[in-house]
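Engineer: I'd like to ask some things about the structure below.
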Amino acid sequence: MSGATSEQLAVRAASGDVMARRCFGELVERYHARLFNFLLRRVRSRHDAEDLTQETFVRAWNRIRSYNPTWRFSTWLFTIGSRLAITHHRRSRDPVGGNVVEGLSERAPSERRARGGIWALAAACLTPEQHEAIWLRYVEELAIAEIAMVMNKSQVAVRVCLFRARQALAERLPAPDQQDVDAAPRVAAALAGGM
Numbered sequence: 095m096s097g098a099t100s101e102q103l104a105v106r107a108a109s110g111d112v113m114a115r116r117c118f119g120e121l122v123e124r125y126h127a128r129l130f131n132f133l134l135r136r137v138r139s140r141h142d143a144e145d146l147t148q149e150t151f152v153r154a155w156n157r158i159r160s161y162n163p164t165w166r167f168s169t170w171l172f173t174i175g176s177r178l179a180i181t182h183h184r185r186s187r188d189p190v191g192g193n194v195v196e197g198l199s200e201r202a203p204s205e206r207r208a209r210g211g212i213w214a215l216a217a218a219c220l221t222p223e224q225h226e227a228i229w230l231r232y233v234e235e236l237a238i239a240e241i242a243m244v245m246n247k248s249q250v251a252v253r254v255c256l257f258r259a260r261q262a263l264a265e266r267l268p269a270p271d272q273q274d275v276d277a278a279p280r281v282a283a284a285l286a287g288g289m
């Protein structure tokens, strides 16, 4: 089962046969950390991110028969999570705030620290929409069409959002030397490095 793609597992889970629960369990194992990190960036509360992660998987299980295998499973799952986070924000009367919680990923601490600087900069200077688009593109490695689906926007709007986000980050990154006029390649390199 571990050799199957996520899409194959989702189709098998939707079939309702005796292996359905096991297939879905494998999907939960594959996506739990990624989904949690994504939601944590959205809600900035470890407790809320855990609740939303669990709720996302419950909704995914309840709606697995509606999954369309022409889309990547991760896109479908992150769309559910994104919409739950939006609903959470609407229900919450407290402003989104606080610091990013430690332990955002299961990567080594030194790797988290090295990449944390650009994510802290992104959180400080980007709009929530730009931050989400950058995260989906460079961390989750979703295609533009998939990001558009998750964010419920057109592909053109996503491209514009990504462009503006990269531009805002490039303007705020310190230049390595005085001759560095265009910081956009540094941002792209930092983002491609898994920021």
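To convert, note that position 191 of the sequence shown is 285 in the numbering used here; the numbers rise steadily by one, no gaps.
Glycine included, C-beta positions come from ideal geometry on N, C-alpha and C.
Bear in mind that the values here come from a model prediction, so they are computed numbers and not experimental data.
What do you reckon, are the CB atoms on Ser-100 and Ser-168 nearer than 8 Å?
Structural biologist: Yes, they are a contact pair.
Engineer: Which of the three DSSP states, helix, strand or coil, is assigned to Glu-265?
Structural biologist: The answer is helix: DSSP assigns Glu-265 an H, G or I state.
Engineer: Ordered along the chain, which non-local residues of its own chain (more than five positions away) have a Cβ less than 7 Å from that of His-182?
Structural biologist: Val-137, Asp-142 and Leu-146, listed in sequence order.
Engineer: Answer with buried or exposed for Glu-120, where buried requires no fewer than 16 other C-beta atoms within 10 angstroms of its C-beta.
Structural biologist: The residue in question, Glu-120, is buried, as its Cβ has 16 or more Cβ neighbours within 10 Å.
Engineer: Figure out for me which residue from Pro-163, Met-243, Ser-176 and Glu-223 has the closest Cα to the Cα of Arg-260.
Structural biologist: Closest option to Arg-260, Cα to Cα, is Glu-223.
Engineer: Which value, in whole angstroms, describes the spacing of the CA atoms of Phe-132 and Thr-164?
Structural biologist: Rounded to whole angstroms, Phe-132 to Thr-164 spans 23 Å at the Cα level.
Engineer: Please state the DSSP three-state secondary structure of Val-105.
Structural biologist: In the structure shown, Val-105 sits in a helix (DSSP, three-state: H, G or I).
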